[in-house]
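Colleague: Heads up, the sequence shown is in my numbering, so the first residue is 46 and it goes up one at a time.
Glycine included, C-beta positions come from ideal geometry on N, C-alpha and C.
Following this message is one structure expressed as structure tokens.
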Amino acid sequence: MPRSNRPRGARPGDDESEIDLNRALYGSLRTETKRDGAWNVQPVSATSAAKTYICPGCGLDITPGTAHVVAWRADGLMGEADGIAARRHWHAHCWKIR
Numbered sequence: 046m047p048r049s050n051r052p053r054g055a056r057p058g059d060d061e062s063e064i065d066l067n068r069a070l071y072g073s074l075r076t077e078t079k080r081d082g083a084w085n086v087q088p089v090s091a092t093s094a095a096k097t098y099i100c101p102g103c104g105l106d107i108t109p110g111t112a113h114v115v116a117w118r119a120d121g122l123m124g125e126a127d128g129i130a131a132r133r134h135w136h137a138h139c140w141k142i143r
């Protein structure tokens, strides 16, 4: 009988078979520590950037099609929902030198 070359499904217990819900919802979300506290940072690819935003670092527009990052407080006093509501879009360079 010939061997099947089709990929096999993931077996239960494999690390790849477990879906990380945060990664599915937020992409490659990471936490960074800056001088003023902890921040959640999520990169936005150029293909996903569909609106114009104003970078709080330099005051210039982030035009559609420009890769950038979205950042919000991870250690806010008012909770995570308030931090997400206060998130800002930054040029990657402006965020890096902040």
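DSSP three-state call for Gly110: helix, strand or coil?
Modeller: DSSP places Gly110 in coil when its eight states are reduced to three.
Colleague: By the three-class DSSP mapping on this structure, what secondary structure does Ala119 have?
Modeller: Of the three classes helix, strand and coil, the one that applies to Ala119 here is coil, per DSSP.
Colleague: Just list the residues that DSSP pairs Lys79 with in beta bridges.
Modeller: Beta-bridge pairing links Lys79 to Gly82.
Colleague: For Thr92, which option in His136, Val115, Thr76, Gly110 has the closest C-alpha, if you only look at C-alpha atoms?
Modeller: Out of His136, Val115, Thr76, Gly110, Gly110 has the C-alpha closest to the C-alpha of Thr92.
Colleague: How long is the line joining the alpha carbons of Arg48 and Leu74, rounded to whole angstroms?
Modeller: Cα-Cα distance, rounded: 41 Å.
Colleague: My assumption, with CB atoms under 8 Å, is that Asp120 sits in contact with Ala83. Please give the rounded CB distance.
Modeller: Rounded, the Cβ-Cβ distance is 4 Å, consistent with contact.
Colleague: Could you check what DSSP says for His138 in three-state terms: helix, strand or coil?
Modeller: Reduced to three states, the DSSP call for His138 is helix.
Colleague: Excluding the 5 residues flanking His134 on each side, which residues of the same chain have their C-beta closer than 6 Å to its C-beta?
Modeller: For His134, where only same-chain residues beyond five positions count, the Cβ hits under 6 Å are Tyr98, Ile107, His113, Val115.
Colleague: What's the C-alpha gap between Cys139 and Asn50?
Modeller: Approximately 48 Å, taken between the alpha carbons.
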